[in-house]
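Each residue of the sequence shown is one higher than the one before, counting from 89 in the working numbering.
Note that the Cβ used here is the ideal one computed from N, Cα and C, for glycine as well.
These notes concern the structure reproduced below.
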Amino acid sequence: MAVLSKSEVEERIANGEVIVIYKSAVLKLDKWIKYHPGGDKAIYHMVGRDATDEMNAYHSDESVQQFMRWKIGHVEGEWKNLVPPIQRNACETSMQPGTPGDEDTCYEDDACDAKVETMGQAYKNHVVVDPMQLSELFDEERAALDRKLFPSADSETQQRISAEYNKLHQELIDAGFYACPYWKYGVELLRISTLLGASYFTLIRLNWQIVSALLLGVAWQQAVFIAHDAGHISITHNYQVDSVFGMLVSAWFGGLSLGWWKRNHNVHHLVTNDPEHDPDIQHLPFFAVTSRLFTGLKSTYYERDLAFDLPARIFIPLQHILYYPILAFGRFNLYVLSWTHLLGGKGPRHGQAAWFRYFELCGLVFFCYWFCYRLLACSLSTATDRVLYVLVSHLTTMIVHVQITLSHFAMSTADLGVSESFPQRQLRTSMDVACPRWLDFFHGGLQFQVIHHLFPRLPRHNLRDAQPYLLRFCERVGIKYSIYGFSHCNSMVLSHLEQIAQQARTVLACAHTMGPHKDVAMPAPGGDSRQYSNPKHA
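Here is the structure:
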C-alpha cells in the first residue's frame, strides 16, 4: 500500500476527495459517504483529520472494518490535522497570516492573548468605537481563559491526552461497561406504560383532562431517553435493532424523527459548542450562547446565514428571562424539524438506513392518527379542551429541553485549533449534573453528558459506575471535570445567558448612539458586516 505525504493528502482534499486518517491509514470515503447511516455532515467535519478517537467512540469494531475497505494508503510519522474544508471559511476569519489550514497558524495562543490585551487597552482609552469590537473582546477573553485553564493545545500534549483516553476506553471495555443491563429497560418500559395507563384512565374514566395531559407529557419525557439510547446504538449495539426500537418510540409514539435527530446529534457530538458548526447551539433568533453569533455567522449544518436580525435583537437581550418560556414550546419546533427532514429526504438514501425514512413517515402519520384523531378529536368534546390538552401535555416536556441544553449552554464555545484532542474538547464543552442514584430515572442519563460524549455507545445505566474511571483519567491528564447540582447548573446557564444578553444590549446601544456615523455598521442578514470607524470619530 502506498505511503502518502501530507502534501499529497492536501492535494487530494483540495481536489474534492473525502480523506480521513484512521490509525495512520488514509481512507478515501467519497463512495461511502452516501451510505453513512450517521449522515454526510459528520464525515465532512473529519476530513483531513486523524479521526481515530472519534471513529472508535462512535463505531463498533465491525463498523470500523467497513471503513477500512476504503483504505488507499497510509501516512508515516505524526499526522498534523488539517482544517476540514467544511470549516475552512470559518477558521480563516480567525487565522493569523500563514498557510491556510496549518494548525500552527490558526488560533495562535500568543496572538489571541495580544489581541485581547490590545483591544482591552483601546477600550479603556476610549479608542474603540465599533460596537462589535466590544462583543469580540468579551468572547476573546473567554477563549484566553480556556487556554489558561486547560492543557496546551499543542500536538505533543494532545497526543498524550489521546493515549490516556484510549487507555480509559480499554479499562471500560475490560470492566464490562458495554454490556447492557436489559432488565433496566424493562423497568423503563413499565414506568412509561404505567404513565400511559394512568393518562388514559384519568381522561376516559375520571375526565381529569389536565392530569391526563400532564401524565402523557411525563411519558413523552421518559420516552425521549430511550430514543436517545437507541439512536446511539447503545442498547443492543445492533444498528438495525436499536434503530427500529428507537423509531417506534420516537416517531410512532412521540411524533418525532429519530433520523433527523441522529443527523443533527452526530454533528453536535463531533464539533460540540462550535458556533459555526454545532446545530445544538444555533438557536437564533431566540438564544445566543456566544457573542460571536452577533456577527452573522453562516451555519455549516443548516447551510444558511444565522442573521442577527430584528427578531434576534428583540429576543437575545431578554433571553435569560425568556429561557424557560421558550423551551416550554420546544416540542412544537421538533415536529417542524422532523417533518422537514423526512419530506426533504435529508437522511441517507442508500444503504441499510435508506428505508428508515419511509418507516418514520408511517410513524408520524400513525402519531397524528392516535394523538390528533383518536385522543384529541374523539376523546375531547370542545376546541378549548383540545387546545388546553395540547398545551399542558407539550409544556410538560419542557423539562427535557432544559436537561438537553443544561450541559452545554454555559460551557466554552472557543475553538482551540485542530490539534485539540477529542477528549479534551468534550470535557471542555460539556458539564454533568450531580444527583443521587435514586433520581437517575428523572434525568435519563443526560446528567452524565461528559462521559456520554466521550463514550456515546456506553449503555446509559452504566454511566454512573463508569464515572470514577473518568475522574481518575481527568486527574492523570490535568483536565477539569465540570459537575454541579441541578439548581446550580440552571443558575450557571441563566447567568451565562444574561451575560450574553448584556453584551447584546451594549452592542445595540452603541450602534444606536453611533447611528449618525455613516461608517459604523451592525451585522446585516447574510454575513459579517463589521466596519471599523474612522479614527476621527473616536
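Throw me the rounded Cβ distance for the Y557 and L260 pair, which I believe falls under 8 Å.
6 Å
Going along the chain, which unbroken runs of the alpha helix (DSSP H) with 4 or more residues stay wholly within the stretch 434-501?
444-455, 471-484 and 486-494
Mind checking whether H371 and P544 have CB atoms under 8 Å apart?
Cβ distance not < 8 Å, so H371 and P544 don't count as in contact.
Since I believe H489 is in contact with Y533 (beta carbons under 8 Å), could you give me their beta-carbon distance rounded to a whole number of angstroms?
For the record, residue 533 in the displayed sequence is Gly; it is not Tyr. Distance from G533 to H489 at the Cβ level is roughly 16 Å; contact not present, criterion being Cβ atoms closer than 8 Å.
Please name the residue, chosen from Q310, C456, F403 and D118, that lies closest to L596 on a Cα-to-Cα basis.
F403
Let me make sure I understand the geometry here. Which of F155, I174, G104 and H162 has the alpha-carbon closest to that of M134?
I174
Since I believe H408 is in contact with E229 (beta carbons under 8 Å), could you give me their beta-carbon distance rounded to a whole number of angstroms?
That belief does not hold up - the Cβ atoms of E229 and H408 are roughly 20 Å apart, past 8 Å.
Are P547 and S331 close, meaning C-beta to C-beta below 8 Å?
no
Rounded to the nearest angstrom, what separates Q491 and L344 at their Cα positions?
18 Å
With 16 as the cutoff for other CB atoms within 10 Å, does R392 come out buried or exposed?
Exposed: under 16 other Cβ atoms inside 10 Å.
Is it buried or exposed for W158, if we count other Cβ within 10 angstroms and need 16 for buried?
buried
In whole angstroms, what separates the C-alpha of N144 from that of P269?
22 Å
Below 8 Å between beta carbons: does that hold for N169 and D141?
No, the Cβ-Cβ distance between N169 and D141 is not below 8 Å.
What does DSSP give as the partner residues of K94 in its beta bridges?
K94 pairs with nothing; no bridge assigned.
Whose C-alpha, out of A251, K255, L256 and D118, is nearest the C-alpha of N103?
D118
Quick check on D607: buried or exposed, where buried means 16 or more other Cβ atoms within 10 Å of its Cβ?
For D607, the pLDDT reaches just 41, beneath the cut-off of 50, and the residue's location in the model is therefore unreliable, leaving the point undetermined.
Helix, strand or coil: how does DSSP classify G161 here?
strand
Just to confirm the assignment, what range does the alpha helix (DSSP H) spanning D330 have?
D330: member of the alpha helix (DSSP H) spanning Y327 to M335, first to last residue.
Which residues does DSSP list as the beta-bridge partners of A522?
G573
V108 bridges to which residues according to DSSP?
L115
Between the Cα of E340 and the Cα atoms of L449, I314, E150 and I131, which residue gives the shortest distance?
Residue identity check: residue 340 is Trp in the sequence provided, not Glu. Of L449, I314, E150 and I131, the residue nearest in Cα terms is L449.
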